[in-house]
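Let me begin by presenting the structure, written as C-alpha cells, before commenting on it.
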Amino acid sequence: MKLNTSDPAAQPEQILYTRCTIDLNTGRQTIEEIPCRNLEDVLGGFGRSFQDLAERQIATAYCAENPLIINTGLLTGSTAMTAMRTYFSSYSPIKGSQKGLPAAMWSAGSGKFGAKLKWTGLDELVLENCSEQPVYILIRETDQGPQLTLKPAEHLLGLGTHDKIMALYKEYPQAHFAAIGQAGENWQNNYMGAVALSTENQLKSGEDKCRFAGRGGMGSIMGHKNVLALVADSPDKIKPVSDAVKKVNLNVIKGGGAARLQPLSRGGGGGTWAAYDVLQAFHAVPVNNFRPQGNDLPEKLFRVNVEKDYVIESQACYRCGITCHNNVSEKNADGSRGEFLAKFDYEPLNLLGTNIGIHDAGQAARLIQLGDNYGMDAISLGVTISYLLSYNERHAEAPLLNGATFGDYAKIRQLVIEAGEGRLPEIGCGSMRLSHQVGEPGYAYHVKGLEIAAYQPESNPGYAWAIAGGHMSMGTYGLLAREGKTDVEFWVKAITEDKLQIVGFDMIGLCKFFDINNGIGTQMVVDCLKSEMELDVSAADLKKAVHRAFLRGLALELRQGYEKSEFALPVEVFEQPNDNIQLPKITSSEFVRSLEQQVWQIFEQQMAEMLD
Amino acid sequence: MIITVKLIGVFRIDRFKEQRQPLAEGSCVADIVDSLELSRRLLGIMLINGVHATESELLNDGDCLTLMPVLEGG
Numbered sequence: 024m025k026l027n028t029s030d031p032a033a034q035p036e037q038i039l040y041t042r043c044t045i046d047l048n049t050g051r052q053t054i055e056e057i058p059c060r061n062l063e064d065v066l067g068g069f070g071r072s073f074q075d076l077a078e079r080q081i082a083t084a085y086c087a088e089n090p091l092i093i094n095t096g097l098l099t100g101s102t103a104m105t106a107m108r109t110y111f112s113s114y115s116p117i118k119g120s121q122k123g124l125p126a127a128m129w130s131a132g133s134g135k136f137g138a139k140l141k142w143t144g145l146d147e148l149v150l151e152n153c154s155e156q157p158v159y160i161l162i163r164e165t166d167q168g169p170q171l172t173l174k175p176a177e178h179l180l181g182l183g184t185h186d187k188i189m190a191l192y193k194e195y196p197q198a199h200f201a202a203i204g205q206a207g208e209n210w211q212n213n214y215m216g217a218v219a220l221s222t223e224n225q226l227k228s229g230e231d232k233c234r235f236a237g238r239g240g241m242g243s244i245m246g247h248k249n250v251l252a253l254v255a256d257s258p259d260k261i262k263p264v265s266d267a268v269k270k271v272n273l274n275v276i277k278g279g280g281a282a283r284l285q286p287l288s289r290g291g292g293g294g295t296w297a298a299y300d301v302l303q304a305f306h307a308v309p310v311n312n313f314r315p316q317g318n319d320l321p322e323k324l325f326r327v328n329v330e331k332d333y334v335i336e337s338q339a340c341y342r343c344g345i346t347c348h349n350n351v352s353e354k355n356a357d358g359s360r361g362e363f364l365a366k367f368d369y370e371p372l373n374l375l376g377t378n379i380g381i382h383d384a385g386q387a388a389r390l391i392q393l394g395d396n397y398g399m400d401a402i403s404l405g406v407t408i409s410y411l412l413s414y415n416e417r418h419a420e421a422p423l424l425n426g427a428t429f430g431d432y433a434k435i436r437q438l439v440i441e442a443g444e445g446r447l448p449e450i451g452c453g454s455m456r457l458s459h460q461v462g463e464p465g466y467a468y469h470v471k472g473l474e475i476a477a478y479q480p481e482s483n484p485g486y487a488w489a490i491a492g493g494h495m496s497m498g499t500y501g502l503l504a505r506e507g508k509t510d511v512e513f514w515v516k517a518i519t520e521d522k523l524q525i526v527g528f529d530m531i532g533l534c535k536f537f538d539i540n541n542g543i544g545t546q547m548v549v550d551c552l553k554s555e556m557e558l559d560v561s562a563a564d565l566k567k568a569v570h571r572a573f574l575r576g577l578a579l580e581l582r583q584g585y586e587k588s589e590f591a592l593p594v595e596v597f598e599q600p601n602d603n604i605q606l607p608k609i610t611s612s613e614f615v616r617s618l619e620q621q622v623w624q625i626f627e628q629q630m631a632e633m634l635d
Numbered sequence: 048m049i050i051t052v053k054l055i056g057v058f059r060i061d062r063f064k065e066q067r068q069p070l071a072e073g074s075c076v077a078d079i080v081d082s083l084e085l086s087r088r089l090l091g092i093m094l095i096n097g098v099h100a101t102e103s104e105l106l107n108d109g110d111c112l113t114l115m116p117v118l119e120g121g
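Here the protein sequences line up with chains A and B, keeping their order.
Position one of the first sequence corresponds to residue 24 (this note's numbering), numbered consecutively onward.
Position one of the second sequence corresponds to residue 48 (this note's numbering), numbered consecutively onward.
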C-alpha cells in the first residue's frame, strides 16, 4: 500500500493499493496502483472485494466473468497479534438464492500465506477467466515490485491440500502457500471446496496443520479457474514491535475476550472446544442434524473425556499468543504423542462428530482430517451429511446413497471420500440442493443456501441476516446462552448495530479472536494503525466503515434475487419445536414477525440512505 | 440456608461438578464466585434456578446456582 495521507477516512484516494489482474485464458497480467474509493477499500478484505463484485452481473458462479479476488487486510503481515488473514471473494457456487443466482461470498483464513503475500508487495490478486491447463501462480517480490508467473501444475493434480503444499514447499522453501484439494479440482460436483493456507507449524513438522478459508466454495471457484495453488515467495518482513503495539498485543492476550480461548495451562478456557460444555448445560449442542435429545451423549466429546485417550496440545498461529488450537494426536502406550490427527475446534468437531452421531473422538478426528485433506468446508460437509442421515432415518425403507445412518462411521467416511473426489454431487453440492432434490427442505440446516454453524438456530435469529455464514458474519451466535434475553428490542439492536461489527475482522486482516466482543472499532485497532502506519483513524470511523460494508453485502444479496422469505431459519425450528433445548424461547411467530419487521425497517432505511 | 452450586467446564477442574453449600443469609452470587476463587476472566454465564442472573443477585434457600465459563465459538 502507498500511504500519501495520514487521514484515510477523509482522503481515501490518497492511499493506493497494488493490484494484479491476471487473465488466465491469455496469461496477460496487469499490475496497477489503485486509489481507494473509501475507508472500506483502505481496510481491505471483503470491504473492498464486495464493491468490485457488485460491479458485475453474474448469473452463475462457474462462468469466466466471475472473478476470484484474493486480498489481504490493512494490518495483515503487521506486528499486531493475529494479523495473518487472507480473504478469498467471489460469487459462490454453494450460496445462492432460490431464483438460482449465486450470492457474493468471501472466506477468510489464517496461516502465514497472507503475510507472505503482503510482503511480496501485492495487496490484491484478481483472477479472470479460466486457464486451459492446470497452473499454480508464483508471486515473488523483486526490486521492481511483485512479479507473478503462471506455472504448470500437472504434478499437483490429484493431491490433497497438505500434499500439494508440501510438494511446493520442496521447491520454494522460503514461501507460503494457498492450495485446493481434490474437492476444488472436482468443482463440477463439489461446491464446498476450501482453500488451505500453510502454517509454519505444518511446514516444519510435515504434519497436516493447515488453516482454511473454508466457507462458500472459494476452493471450487479456484478449481474452476484451474488454479491449484498460489505461492507467495518473500523474505519475512516483521518489524520490531513498537511499545504501542506491544501494549495492544498484551491486552489481546490478557485482557480481551481472547483470554478465554487460551490454553487451560495459562488459566484460559481451552479454546473454542469449550463451547461443548457450556452449550450442553442447556442441551443445546447440535445432535443428529440439530435435534438435541436432552441426554448426555455430547459429553463423550468433552475435552475431559477425550484427553484420557488422546494427546492434546495447545498451539498457535505464527506469532500469535492466543494459542487457541487444540491439536489432537494419538496417544502411544507410554503416554507420548503419536500420529497427529486433527485440530479440534468447536465447529468441525460438532458437525463431523456429535451432529452426525459420531461420539468417538478418534473417529471424529479422522473425519475432520479427511475433509481437510480433500479441501472441503467442514461446516457445509458436516451439515449436508447430517441432512442425508436425517433423511435416511425418516426413510429407512428407501434410504439415499449408501444408506448411511447416524453414527455409522464406515459409511459416513465413504461419503466424505466420494464427495471429496467429486463422485458424490448429492453431498458435494450442499444441503439446499439435496433437500430440494428429494423434496424435503424443512430440515435442511442452511440459511440462504449456506449451511449453518454448530449453534442451534433456535438460539440465533441473527443467522437470517448473516451475509457470509452464520458465525463469521453475525456475532449473535451464543448470545441467547450468554445473556438469556428474550425481548425483541435487544435482538434488533444486536443484529443491526453491535453484532454485525464482527465482519470488520474480515476487512482489516485480524482474526476475530483479537477482540471478538467489540469488533475493530476500538482504541486497540486505532493504536495499531497509528503505530504501524502513521494513520489517524477514529474508532467511530472504523465502525461506520464496517457498517457500510455490511450493508453493501446485504444489498448485494437482495440484488442476487433473495426474497425476504429466504432470510429465515430452517422450517423445522418452528414446525417441530424441540423442548429438549433448555434455553429461553425466542422462536414464537410473534417474536419472529416483530424482529423481521423491525430489522428490515432499519436495514432498508440505511441501505436507501447509503445507496443514495 | 443451603444452596446447590453446579459448575460447568473448566470450573470443575480441582473443584466439583455439583455441591450443596451452606450460605449466610443475604449472600449473593459474587460471594460464591469469590469463595470458589473462580476466574472472572472466564466467568461468563450465571443461572439461578435456570434463569440468567448477575453477580449482585441475592441467593435464597434452596436455590440452584450454575456457574459457567463464557461461551466463545468459531
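Virtual Cβ for every residue (Gly too), placed ideally from N, Cα, C.
With a CB to CB cut of under 8 angstroms and the five nearest residues on each side skipped, what residues in its chain are close to residue i?
i: R283 of chain A; result: G291, G292 and A297
i: P90 of chain A; result: D75, L76, R79, S113, V149, L150 and E151
i: E613 of chain A; result: none
i: L180 of chain A; result: P157, E208 and L251
i: A127 of chain A; result: F73, L76, A77, S112, S113, Y114, S115, G576, L579, E580 and Q583
i: G91 of chain B; result: M115, P116, V117 and L118
i: V98 of chain B; result: none
For residue i, which residues of its own chain have a beta-carbon under 6 angstroms away from its beta-carbon, when the five flanking residues on both sides are left out?
i: T509 of chain A; result: P607 and I609
i: D46 of chain A; result: E151 and N152
i: N249 of chain A; result: C153, S154 and P157
i: D281 of chain A; result: Sequence inspection shows Ala at residue 281 of chain A; the Asp mentioned does not correspond to that position. Answer for A281 of chain A: V275, I345 and F536, listed in chain order.
Look at the Cβ atom of residue i, then the Cβ atom of residue j, and state whether they are nearer than 9 angstroms.
i: P125 of chain A; j: I81 of chain A; result: yes
i: G119 of chain A; j: G443 of chain A; result: no
i: I188 of chain A; j: L226 of chain A; result: yes
i: I345 of chain A; j: P371 of chain A; result: no
i: H382 of chain A; j: K331 of chain A; result: no
i: H185 of chain A; j: C233 of chain A; result: yes
i: G240 of chain A; j: P116 of chain A; result: yes
i: H247 of chain A; j: Y110 of chain A; result: no
i: V470 of chain A; j: A384 of chain A; result: no
Please list the partners that residue i has in chain B, where partner means a Cβ-to-Cβ separation under 8 angstroms.
i: R505 of chain A; result: G91, I92, V117 and L118
Please list, in chain order, the chain A residues whose beta carbon lies closer than 7 angstroms to that of residue i.
i: I130 of chain B; result: No answer is possible for residue 130 of chain B: the residues shown for chain B start at 48 and end at 121.
i: V57 of chain B; result: L287, G292, G293 and A297
I'd like the list of long-range same chain contacts for residue i, defined as Cβ closer than 7 angstroms, with 5 residues on each side in sequence excluded.
i: V560 of chain A; result: P31, A32, V549 and L552
i: L54 of chain B; result: R62, F63, K64 and L114
i: D564 of chain A; result: A32 and L62
i: Q37 of chain A; result: N27 and T28
i: V57 of chain B; result: L89 and P116
Can you list the residues of chain A that residue i reaches, using a CB-CB cut of under 9 angstroms?
i: I49 of chain B; result: Chain A residues near I49 of chain B: none, gap ~22 angstroms exceeds 9 angstroms.
Using alpha carbons as the reference points, say which of the options lies closest to residue i.
i: H199 of chain A; options: A:K232, A:A356, A:G229 and A:A255; result: A:A255
i: V100 of chain A; options: A:M556, A:I160 and A:H494; result: According to the sequence provided, residue 100 of chain A is Gly. The question's Val does not apply to it. When only C-alpha atoms are compared, the closest one is A:M556.
i: Q156 of chain A; options: A:E420, A:G485 and A:N48; result: A:N48
i: C343 of chain A; options: A:N311, A:N601 and A:E223; result: A:E223
i: G380 of chain A; options: A:P35, A:F313, A:G361 and A:V327; result: A:F313
i: W514 of chain A; options: A:L374, A:K434, A:I625 and A:W142; result: A:I625
i: G482 of chain A; options: A:N415, A:G168 and A:A307; result: In the sequence on display, residue 482 of chain A carries Ser and not Gly. If we check each option's Cα against that of S482 of chain A, A:A307 comes out closest.
i: E104 of chain B; options: B:D61, B:E72, B:L85 and B:F58; result: B:E72
i: G70 of chain A; options: A:N328, A:L577, A:D602 and A:A176; result: A:L577
i: D16 of chain A; options: A:A631, A:T53 and A:L375; result: With chain A covering only 24 through 635, there is no way to say anything about residue 16 of chain A.
i: A103 of chain A; options: A:H469, A:I160 and A:C340; result: A:C340
i: Q386 of chain A; options: A:R436, A:N355, A:A427 and A:G426; result: A:R436
i: F597 of chain A; options: A:D368, A:S611, A:N603 and A:S617; result: A:S611
Strictly below 7 angstroms CB to CB, what residues from chain B border residue i?
i: A304 of chain A; result: I55, T113 and M115
Since residue i meets chain A, which of its residues come closer than 8 angstroms, beta carbon to beta carbon?
i: G97 of chain B; result: Q605
i: S86 of chain B; result: G290
_Chain-ordered residues of the segment 535-546 of chain A with a beta carbon less than 8 angstroms from chain B_ = K535, F536 and I539
*the segment 579-613 of chain A: positions lying closer than 9 angstroms to chain B by Cβ*: Q605 and P607
*Along the segment 272-300 of chain A, what residues have a CB closer than 7 angstroms to any CB found in chain B?*
Across the segment 272-300 of chain A, CB contacts with chain B closer than 7 angstroms involve G280, A282, R283, L284, L287, G290, G292, G293, T295, A297, A298 and D300, in sequence order along the chain.
*asked:* If the cut-off is 7 angstroms on Cβ atoms, which residues from the segment 182-204 of chain A count as contacting chain B, listed in chain order?
replied: none
*With 9 angstroms as the C-beta to C-beta threshold (strictly closer), list the residues of the segment 358-387 of chain A near chain B in chain order.*
D368, Y369 and E370
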